[in-house]
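Protein chains: 2
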Amino acid sequence: MTTPLRLGIAGLGTVGIGVVKIVQAHPELLARRGGRPVEIVAVSASSRTKNRGADISAYAWEDDPVQLARRDDVDLVVELIGGENGVAKALVETALKNGKDVVTANKALLSHHGNALAALAESKGRSLRFEAAVAGGIPVIKALTEGLAGNAIKRVMGVMNGTCNYILTRMESARLPYDVVFEEARKLGYLEADPNLDVGGIDAGHKLSLLSAIAFGTRVDFDSMVLQGIGSVSIDDIQLARDMGFSIKLLGVAQMTGRGLEQRMTPCLVPETHPLGQLQGGTNMVVIEGDSVGQIVLRGAGAGEGPTASAVMGDVMDIARGITIPTFGQPAETLAQAPAAVVSTGAPWYLRMTLLDKPGALAKIATALGDSGISIDRMRQYSHDDAHAPVLIVTHKATSDDIAMALERFEGTGVLVGEPVAMRIEEV
Amino acid sequence: MTTPLRLGIAGLGTVGIGVVKIVQAHPELLARRGGRPVEIVAVSASSRTKNRGADISAYAWEDDPVQLARRDDVDLVVELIGGENGVAKALVETALKNGKDVVTANKALLSHHGNALAALAESKGRSLRFEAAVAGGIPVIKALTEGLAGNAIKRVMGVMNGTCNYILTRMESARLPYDVVFEEARKLGYLEADPNLDVGGIDAGHKLSLLSAIAFGTRVDFDSMVLQGIGSVSIDDIQLARDMGFSIKLLGVAQMTGRGLEQRMTPCLVPETHPLGQLQGGTNMVVIEGDSVGQIVLRGAGAGEGPTASAVMGDVMDIARGITIPTFGQPAETLAQAPAAVVSTGAPWYLRMTLLDKPGALAKIATALGDSGISIDRMRQYSHDDAHAPVLIVTHKATSDDIAMALERFEGTGVLVGEPVAMRIEEV
Numbered sequence: 534m535t536t537p538l539r540l541g542i543a544g545l546g547t548v549g550i551g552v553v554k555i556v557q558a559h560p561e562l563l564a565r566r567g568g569r570p571v572e573i574v575a576v577s578a579s580s581r582t583k584n585r586g587a588d589i590s591a592y593a594w595e596d597d598p599v600q601l602a603r604r605d606d607v608d609l610v611v612e613l614i615g616g617e618n619g620v621a622k623a624l625v626e627t628a629l630k631n632g633k634d635v636v637t638a639n640k641a642l643l644s645h646h647g648n649a650l651a652a653l654a655e656s657k658g659r660s661l662r663f664e665a666a667v668a669g670g671i672p673v674i675k676a677l678t679e680g681l682a683g684n685a686i687k688r689v690m691g692v693m694n695g696t697c698n699y700i701l702t703r704m705e706s707a708r709l710p711y712d713v714v715f716e717e718a719r720k721l722g723y724l725e726a727d728p729n730l731d732v733g734g735i736d737a738g739h740k741l742s743l744l745s746a747i748a749f750g751t752r753v754d755f756d757s758m759v760l761q762g763i764g765s766v767s768i769d770d771i772q773l774a775r776d777m778g779f780s781i782k783l784l785g786v787a788q789m790t791g792r793g794l795e796q797r798m799t800p801c802l803v804p805e806t807h808p809l810g811q812l813q814g815g816t817n818m819v820v821i822e823g824d825s826v827g828q829i830v831l832r833g834a835g836a837g838e839g840p841t842a843s844a845v846m847g848d849v850m851d852i853a854r855g856i857t858i859p860t861f862g863q864p865a866e867t868l869a870q871a872p873a874a875v876v877s878t879g880a881p882w883y884l885r886m887t888l889l890d891k892p893g894a895l896a897k898i899a900t901a902l903g904d905s906g907i908s909i910d911r912m913r914q915y916s917h918d919d920a921h922a923p924v925l926i927v928t929h930k931a932t933s934d935d936i937a938m939a940l941e942r943f944e945g946t947g948v949l950v951g952e953p954v955a956m957r958i959e960e961v
Numbered sequence: 534m535t536t537p538l539r540l541g542i543a544g545l546g547t548v549g550i551g552v553v554k555i556v557q558a559h560p561e562l563l564a565r566r567g568g569r570p571v572e573i574v575a576v577s578a579s580s581r582t583k584n585r586g587a588d589i590s591a592y593a594w595e596d597d598p599v600q601l602a603r604r605d606d607v608d609l610v611v612e613l614i615g616g617e618n619g620v621a622k623a624l625v626e627t628a629l630k631n632g633k634d635v636v637t638a639n640k641a642l643l644s645h646h647g648n649a650l651a652a653l654a655e656s657k658g659r660s661l662r663f664e665a666a667v668a669g670g671i672p673v674i675k676a677l678t679e680g681l682a683g684n685a686i687k688r689v690m691g692v693m694n695g696t697c698n699y700i701l702t703r704m705e706s707a708r709l710p711y712d713v714v715f716e717e718a719r720k721l722g723y724l725e726a727d728p729n730l731d732v733g734g735i736d737a738g739h740k741l742s743l744l745s746a747i748a749f750g751t752r753v754d755f756d757s758m759v760l761q762g763i764g765s766v767s768i769d770d771i772q773l774a775r776d777m778g779f780s781i782k783l784l785g786v787a788q789m790t791g792r793g794l795e796q797r798m799t800p801c802l803v804p805e806t807h808p809l810g811q812l813q814g815g816t817n818m819v820v821i822e823g824d825s826v827g828q829i830v831l832r833g834a835g836a837g838e839g840p841t842a843s844a845v846m847g848d849v850m851d852i853a854r855g856i857t858i859p860t861f862g863q864p865a866e867t868l869a870q871a872p873a874a875v876v877s878t879g880a881p882w883y884l885r886m887t888l889l890d891k892p893g894a895l896a897k898i899a900t901a902l903g904d905s906g907i908s909i910d911r912m913r914q915y916s917h918d919d920a921h922a923p924v925l926i927v928t929h930k931a932t933s934d935d936i937a938m939a940l941e942r943f944e945g946t947g948v949l950v951g952e953p954v955a956m957r958i959e960e961v
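Going down the list, the sequences are from chains V and P. Each residue of the first sequence is one higher than the last, beginning at 534 in the working numbering. Each residue of the second sequence is one higher than the last, beginning at 534 in the working numbering.
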């Protein structure tokens, strides 16, 4: 094959320009590896004249990105506009309908419309690839879909929002409260325009929903995911967790259980000796557990021009090489509609609360736990100067249901000051 | 495609039986993902009747493994015999010549004959894949060849011999000398029949030579690699390194320099805060640095039935899916014959030696370093009871040539007791 692979790129933000730079920097390398030249023929973005640090004057320009999908000289549309609906969706649909391959970094689009778009791609015999949508430069989609294709996947876990991990590790290292570090992150430009996408766990949840589909052969089901952000994690929790040998991470976990597909993106405690617990700053990590391979850990930059463009180019090179596999690793129509597991599998939990300092308070809490079927592994009451006693409890294995029941019973004791904190301790 | 992919498996040791078990355990999963059933039709091994923990009675038997390559009902030969010559080589060659795809775990074969075998596969339009040859279950060949195909690779590093890492980390945790832990490892069955393949760095060197070829588009060149085993690493070195914040690893490093391709498999110091420094026991780790992606770290089991069989099956599933790319990521005839860099790039070095305790001894050593163009970052002389003074030096950046020169000068000082130890500190 010496026919070039001709790209139309929609969106020239950080990632789009990163892709342009790679194509411009390595024409021979890409041609040698891809078996054919990789060329950009047309681009579309919000402004044609904005200075982006790369020369785009040689490429045809489209004011309307969807026009890229209608050009006869475009083989592959690279969608880097973002957003779950609107023009990104129209572009991807039009491209596939017109027989073009599509590479996208759009986790929101795929987490909401991935099933339909995958089916459309397959009905047209085209590729719809999304390595860049999950964990930036880490080639995790490829590892899971292809490299580990011989495994029944048991669990997928990940720290996949660098901003959240930056905030949590910075809170610990600088001993600063959440609100202060959140403001720092905002000023550094680490937060999305809607910060809840980051700190609310939505962005990371989108990513996890795509990994789930591949891992378990199930339809993408973002709506059933248990989502909890990091806004309620306090510096006290981080320090108490550390004292017991744990780190707090916004951890995504997906696994198939007897009660259905469990998908959670919540703050969890993980052992500080595990690579997940050692992950600092904005780096991402995905952990895949297969029945044959055991545990595989993948670590790398989760965002940024170079890493995300690298992931886009991984997909582009696959298409140059003629590699076509279904979007989620098996035909879209074979993806199962698995029920969502509403109750999580059992695990130890970290519970922190403040009690009125009066006789019998602790006993009431212990009784509420016992009545909920939860046994206590460790309990500590800390010394205190006022009438409020800080209490830390680590439970033996309990489900999310058990914990919810216990929290309800705590309310009824009348000894609680403020809201208790409950976080799962993920066993890794 | 509903035509089954029909396997002939040569070698039913740990890995071969692992492959049999996966194919038997997951027929539907494999068919759904591969787009066609994956079947075993014939096998060959040293004994037909040995109890292997898997039922092979349904498969045709060949006493001569090369016969698998001549069967009309075999599409893909899985070579798990091992060895750089002999029957493994004959089998792979015959299979490719007969138009069959080949999947192998044989690093020795490919590190010595990979260039010719890749060319043969490509001339026949067949696949020759070897994920299982490098770092066990970690899908590193796929990550490097495909996922990171948009990157100019800057450096590849790895801890790829689990036995060596087990020995080094066990020496530290149990404070036992090398010889004792070596014997332990032998009794545990961790060592190859020729232990020098492990502790001499040869096995890990084979793996590195294959990663180099993909990373830098160069012909496989195992013979030019700088190889040094772990036999000379003492518990003192491990402890002194730890005191300075480093771990000692048998570390493979490959990078393209202005003076040619640098390939080393030697004991090195790495920061204990880096994932490489934190790697305990028999686990493997590969670190890939690309110009766009930055640093990617991959971690997993480097050996064993399940992990290695998982890697074999990754390749098998690629072939089921119709994925065909050149063995080393670009056509074999385009692989460059790069000169070997005989002198390593500059790095800090760790030097430990024992000096006669007499006036001017340390000055002579310092002078020898200065005369070799090496400046000193840190130097410590330890208190001692006898006439022998232990001395530790950390240098600023120096090449392997500079260090060799200094070691020669040390000899001439007449103050050295025994052999000095010199290890590179790899900057990660």
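A virtual CB, placed ideally from N, CA and C, is assigned to each residue, including glycine.
TODO: Could you run through the segment 807-820 of chain V and flag, in chain order, every residue whose CB is less than 7 Å away from some CB of chain P?
DONE: Pro808, Gln811
Task: Any non-hydrogen atom of the ligand NAP closer than 7 Å to P:Lys554 Cβ - done: Only the bare structure without any ligand can be found here, which leaves the ligand NAP out of the picture.
Task: Cross-strand partners of V:Lys782 (DSSP beta bridge) - done: Looking at the DSSP output, V:Lys782 bridges to V:Cys801.
Open item on the list: Between V:Met846 and chain P, is the shortest Cβ-Cβ distance under 8 Å, so that the two count as touching?
Closed with: Yes, its Cβ sits closer than 8 Å to a Cβ of chain P.
- [ ] Going by DSSP, name the residue or residues bridged to P:His921.
- [x] P:Leu889
Task: Range covered by the alpha helix (DSSP H) that runs through P:Arg942 - done: 933-946
- [ ] Determine the direct distance from the alpha carbon of P:Glu561 to that of P:Val552, and round the result to whole angstroms.
- [x] 15 Å
TODO: Ignore the nearest five residues each way along the sequence and tell me which others in P:Gly839's own chain have a CB closer than 8 Å to its CB.
DONE: Closer than 8 Å at the Cβ level, and outside the excluded window around P:Gly839, lie Gly551, Gly670.
Open item on the list: Per the DSSP calculation, V:Ala880 is bridged to which residue(s)?
Closed with: DSSP lists V:Ala931 as partners of V:Ala880.
- [ ] Pick helix, strand or coil for V:Asp769, following the three-state DSSP scheme.
- [x] helix
Task: Interface residues of chain V facing P:Gln863 [CB-CB closer than 7 Å] - done: Below the 7 Å Cβ cutoff, chain V contributes Arg565, Arg566 as neighbours of P:Gln863, in chain order.
- [ ] Tell me whether P:Asn639 sits in a helix, a strand or coil according to DSSP, three-state version.
- [x] P:Asn639: coil per DSSP, three-state reduction.
Open item on the list: Are the CB atoms of P:Ile781 and P:Met956 within a distance shorter than 8 Å?
Closed with: Cβ distance < 8 Å, so P:Met956 and P:Ile781 count as in contact.
Open item on the list: Does the structure place the segment 868-883 of chain V close enough to the segment 578-587 of chain V that three or more beta carbon pairs sit under 8 Å?
Closed with: no
- [ ] Pick helix, strand or coil for V:Val849, following the three-state DSSP scheme.
- [x] helix
Open item on the list: Would you say V:Gly691 lies against chain P (beta-carbon separation less than 8 Å)?
Closed with: no
TODO: Might you give, ordered along the chain, the residues of its own chain that have their beta carbon closer than 6 Å to the beta carbon of V:Thr887, omitting 5 neighbours on each side?
DONE: His921, Pro923, Val950, Gly951
Open item on the list: If you follow the alpha helix (DSSP H) that P:Arg962 is in, where does it begin and where does it stop?
Closed with: The structure shown does not extend to residue 962 of chain P, since chain P is modelled only from 534 through 961, so no value can be given for it.
- [ ] Could you tell me which chain V residues have their CB closer than 8 Å to the CB of P:Gly833, listed as they occur along the chain?
- [x] Listed by position along chain V, the residues whose Cβ is nearer than 8 Å to that of P:Gly833 are Val826, Gly827, Gln828, Ile829, Val830.
TODO: Have a look at V:His807, V:Gly683, V:Ser577 and flag the residue whose alpha-carbon is nearest the alpha-carbon of P:Ala558.
DONE: V:Gly683
- [ ] Give the interface partners of V:Asn648 over in chain P, defined as CB-CB distance under 8 Å, in chain order.
- [x] Correct list: empty, because the minimum Cβ distance to chain P is about 16 Å.
Task: Three-pair Cβ contact test at 8 Å for the segment 826-846 of chain V versus the segment 693-708 of chain V - done: yes
TODO: With a cut-off of 8 Å on the beta carbons, I'd call V:Lys657 and V:Leu629 a contact; round off their distance for me.
DONE: 5 Å
- [ ] Can you pull the chain P residues whose beta carbon is under 7 Å from the beta carbon of V:Thr702, in chain order?
- [x] Simply none; closest approach about 13 Å.
Task: Every unbroken beta strand (DSSP E) within the segment 641-724 of chain V, with a cutoff of 3 residues, ordered by chain - done: Restricting attention to beta strand (DSSP E) runs no shorter than 3 residues, the segment 641-724 of chain V encloses them at 686-692, ordered along the chain.
Open item on the list: Against chain P, which members of the segment 643-677 of chain V pass a CB distance test of less than 8 Å?
Closed with: Glu664, Gly670, Ile671, Pro672, Lys675, Ala676
Task: Beta carbon proximity, V:Gly541 to chain P, threshold 8 Å - done: Not closer than 8 Å to any Cβ of chain P, the Cβ of V:Gly541 fails to qualify, so no.
Open item on the list: Under DSSP, the beta strand (DSSP E) around P:Glu822 begins and ends at which residues?
Closed with: P:Glu822 -> beta strand (DSSP E) spans 816-823.
Task: Terminal residues of the alpha helix (DSSP H) in which V:Val826 lies - done: Careful: V:Val826 lies outside any alpha helix (DSSP H) and carries neither H nor E.
TODO: Drop a sphere of 10 angstroms on the beta-carbon of P:Thr790, count the other beta-carbons inside from all chains shown, and report buried for 16 or more, exposed for fewer.
DONE: exposed
Open item on the list: Using DSSP's beta-bridge definition, name the partner residues of P:Ala593.
Closed with: P:Ala575
- [ ] Using DSSP bridges, identify the partner residues of P:Arg911.
- [x] P:Val927
- [ ] Flag this pair as touching only if the segment 721-729 of chain P and the segment 652-667 of chain P have three or more C-beta atom pairs under 8 Å; answer yes or no.
- [x] no
- [ ] Mind listing the chain V neighbours of P:Arg854? Cutoff is C-beta to C-beta under 7 Å, in chain order.
- [x] Listed along chain V, the residues sitting closer than 7 Å to P:Arg854 by beta-carbon distance are Ile858.
Open item on the list: With H, G and I counted as helix, E and B as strand and the rest as coil, what does DSSP make of P:Glu626?
Closed with: helix
Open item on the list: Output needed for V:Asp824: all residues of its chain with C-beta closer than 7 Å, excluding positions within five of it in sequence on either side, in chain order.
Closed with: Asn684, Ala685, Lys687
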